[in-house]
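A.B. asks: Residue numbers (our numbering): 12 to 302.
Could you have a look at this structure, given as structure tokens, before my questions?
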Ligand code: SF4
Ligand code: SF4
């Protein structure tokens with residue numbers, strides 16, 4: 012298929028860059044990075060990573076037909092049927108136009124986006140924006156390709172929609188980070204300053220969920236499970252670094268220490284804070300204010 016890209020990662024950055032530098036250099040790089048993330052250095056130098064204001068990760072549905080171990084949207088650990096409505100997408104597009112925002116990339120993802128009952132309408136709204144306001148914007152549908160029905164969805168997509176198909180075949184993904192090992196549960200992270208965030212804040216794109224905007228999609232999923240009503244109800248402007256979200260959300264995120272190259276011997280891929288959070292979630296799903 013012409014507009015399909017097949018890749019073997021999903022919502023994770025491409026780590027292959029590290030393969031090009033030697034093991035010794037990686038070690039040195041991570042040492043320096045860990046030092047840079049410390050409270051002492053951050054107090055002087057400020058947060059390391061900036062907010063990406065060029066790309067949006069639209070988590071249009073938290074439903075998923077695969078439920079991977081370590082899903083960074085917590086789709087398997089804390090299932091939810093919540094989804095972004097067409098009206099919310101229209102509101103986002105109106106705010107984008109008001110702010111003269113010409114996104115370089117709109118990532119339609121989830122969960123599994125092809126499970127959204129109004130996917131075609133959402134795509135239509137996004138294409139309208141692209142055609143009439145921002146022709147250089149790329150719209151990309153990101154599917155796990157697990158179910159045979161996804162092929163049908165892909166075949167019906169207009170040719171200007173880029174498709175990323177991760178072609179997953181099982182719940183186990185070798186490259187996934189232990190997302191539910193919270194840095195606040197780790198002795199090794201005691202000296203870290205969470206306002207730094209991790210590189211995902213700068214590379215993956217602003218998170219957009221049914222509850223509003225976040226530093227990244229993973230951050231939005233953390234807020235969803237832990238019941239933090241911190242998602243912005245208005246599209247943040249380009250000067251906004253959303254630092255208060257980093258401070259609150261990154262201390263629960265396994266990507267924080269994993270991307271900093273900390274080598275931690277794990278007894279369990281779910282740390283105590285997350286175990287407690289999932290228990291609480293099972294009893295009662297948090298009530299969140301919608302965008
Ligand atoms: S396919 Fe993607 S969204 Fe679904 S469970 Fe796996 S990682 Fe999560
Ligand atoms: S540490 Fe987690 S929540 Fe924070 S920016 Fe990185 S991926 Fe997002």
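Using N, Cα and C, we set each Cβ at its ideal position, and we do this for glycine too.
For residue 296, which residues of its own chain have a beta-carbon under 6 angstroms away from its beta-carbon, when the five flanking residues on both sides are left out?
C.D. replies: Working through the chain shown from its first residue, we reach residue 296 at position 285. Result list for residue 296: empty, nothing under 6 angstroms.
A.B. asks: According to the neighbour-count rule (16 or more other Cβ atoms, all chains shown, within 10 Å of its Cβ), is residue 171 buried or exposed?
C.D. replies: Here residue 171 is taken as the residue at index 160 of the chain shown, counted from 1. Answer is exposed; the Cβ neighbour count stays below 16.
A.B. asks: Tell me which residues pass a beta-carbon proximity test against ligand 1: closer than 6 angstroms to any heavy atom, given in chain order.
C.D. replies: Cβ-based neighbours of ligand 1 within the cut-off: 21, 75, 77, 78, 79, 82, 84, 86, 87, 121, 122, 123, 155 and 179.
A.B. asks: With a threshold of 6 angstroms (Cβ to nearest heavy atom), would residue 226 be considered close to ligand 2?
C.D. replies: Sequence index remark: in the chain shown, residue 226 carries index 215 (1-based). Residue 226 Cβ: within cutoff of ligand 2.
A.B. asks: Does at least one heavy atom of ligand 2 sit under 6 angstroms from the Cβ of residue 231?
C.D. replies: Here residue 231 refers to the residue found at position 220 of the chain shown. Flag unset: Cβ of residue 231 not near ligand 2.
A.B. asks: Give me, in chain order, the residues of the same chain whose beta-carbon lies closer than 6 angstroms to that of residue 155; leave out the 5 immediate sequence neighbours on both sides.
C.D. replies: By one-based count along the chain shown, residue 155 stands at place 144. Once the five neighbours on either side are set aside, the close Cβ partners of residue 155 are 77, 123, 177 and 179.
A.B. asks: Cβ-heavy atom distance between residue 266 and ligand 2 below 6 angstroms?
C.D. replies: Residue 266 sits at position 255 when you count from the first residue of the chain shown. Yes; taking the cut-off as 6 angstroms, the Cβ of residue 266 has a heavy atom of ligand 2 nearer than that.
A.B. asks: Between residue 208 and ligand 3, is the CB less than 6 angstroms from at least one heavy atom?
C.D. replies: Within the structure as shown, ligand 3 is missing, the only ligands being ligand 1 and ligand 2.
A.B. asks: If you draw a straight line from the C-alpha of residue 275 to the C-alpha of residue 68, how long is it?
C.D. replies: Within the chain shown, numbered from 1, the residue matching residue 275 stands at position 264. Within the chain shown, numbered from 1, the residue matching residue 68 stands at position 57. Using only the alpha carbons, I get a separation of about 29 angstroms.
A.B. asks: In whole angstroms, what is the alpha-carbon distance linking residue 256 and residue 143?
C.D. replies: Mapped onto the chain shown, residue 256 falls at position 245. Mapped onto the chain shown, residue 143 falls at position 132. Spanning the two alpha carbons is a distance of roughly 33 angstroms.
A.B. asks: So, are the CB atoms of residue 84 and residue 185 less than 7 angstroms apart?
C.D. replies: For the purposes of this step, residue 84 is identified with residue 73 of the chain shown, where counting begins at 1. For the purposes of this step, residue 185 is identified with residue 174 of the chain shown, where counting begins at 1. Cβ distance not < 7 angstroms, so residue 84 and residue 185 don't count as in contact.
A.B. asks: Could you tell me if residue 250 is buried or exposed, where buried requires 16 or more neighbouring beta carbons within 10 angstroms of its beta carbon?
C.D. replies: Within the chain shown, residue 250 is the residue found at index 239, counting from 1. Exposed, since its Cβ has fewer than 16 Cβ neighbours within 10 Å.
A.B. asks: May I ask you to report which of helix, strand or coil DSSP gives residue 111?
C.D. replies: Indexing the chain shown from 1 puts residue 111 at position 100. Three-state result, residue 111: coil.
A.B. asks: Counting pairs of Cβ atoms below 8 angstroms between the stretch 287-296 and the stretch 215-222, do you hit three or more?
C.D. replies: No: fewer than three Cβ pairs fall under 8 angstroms.
A.B. asks: Which residues share a DSSP beta bridge with residue 72?
C.D. replies: Locating residue 72 in the chain shown gives position 61, counting from the first residue. DSSP output for residue 72 lists 94 and 121 as bridge partner(s).
A.B. asks: Taking the C-alpha atoms as reference points, what is the distance between residue 138 and residue 116?
C.D. replies: As a position in the chain shown, residue 138 is number 127, starting the count at 1. As a position in the chain shown, residue 116 is number 105, starting the count at 1. So the alpha carbons of these two residues sit roughly 12 angstroms apart.
A.B. asks: Compute the Euclidean distance between the alpha carbons of residue 196 and residue 270, then round it to the nearest angstrom.
C.D. replies: Here residue 196 refers to the residue found at position 185 of the chain shown. Here residue 270 refers to the residue found at position 259 of the chain shown. Their Cα atoms are separated by approximately 16 angstroms.
A.B. asks: Could you check where the alpha helix (DSSP H) with residue 228 kicks off and where it finishes?
C.D. replies: Position 217 of the chain shown holds residue 228. Counting along the chain, the alpha helix (DSSP H) containing residue 228 begins and ends at 228-237.
A.B. asks: Using a threshold of 6 angstroms, is the CB atom of residue 262 nearer than that to any non-hydrogen atom of ligand 2?
C.D. replies: As a working note, residue 262 is residue 251 in the chain shown. The answer is no for residue 262.
A.B. asks: To the nearest whole angstrom, what separates the beta carbons of residue 173 and residue 148, a pair I think is in contact under 8 angstroms?
C.D. replies: Stepping through the chain shown from its first residue, residue 173 is reached at position 162. Stepping through the chain shown from its first residue, residue 148 is reached at position 137. That belief does not hold up - the Cβ atoms of residue 173 and residue 148 are roughly 11 angstroms apart, past 8 angstroms.
A.B. asks: So, using beta-carbon positions, are residue 11 and residue 81 closer together than 7 angstroms?
C.D. replies: One cannot answer for residue 11 here, as it falls past the ends of the chain, which runs 12 to 302.
A.B. asks: Ligand 2 and residue 212: does any heavy atom of the ligand fall closer than 6 angstroms to the residue's C-beta?
C.D. replies: As a first step, residue 212 must be located in the chain shown, where it is residue number 201. For ligand 2, at least one heavy atom lies less than 6 angstroms from the Cβ of residue 212.
A.B. asks: Can you check which of these residues, 94, 141, 130 and 127, is closest to residue 104 by C-alpha distance?
C.D. replies: What you label residue 104 is simply residue 93 of the chain shown in a count that begins at 1. Nearest option by C-alpha distance: 141.
A.B. asks: Quick one: what's got a C-beta closer than 6 angstroms to residue 263's C-beta in the same chain, skipping five residues either side?
C.D. replies: As a first step, residue 263 must be located in the chain shown, where it is residue number 252. Excluding positions up to five away in sequence, the list reads 193 and 233.
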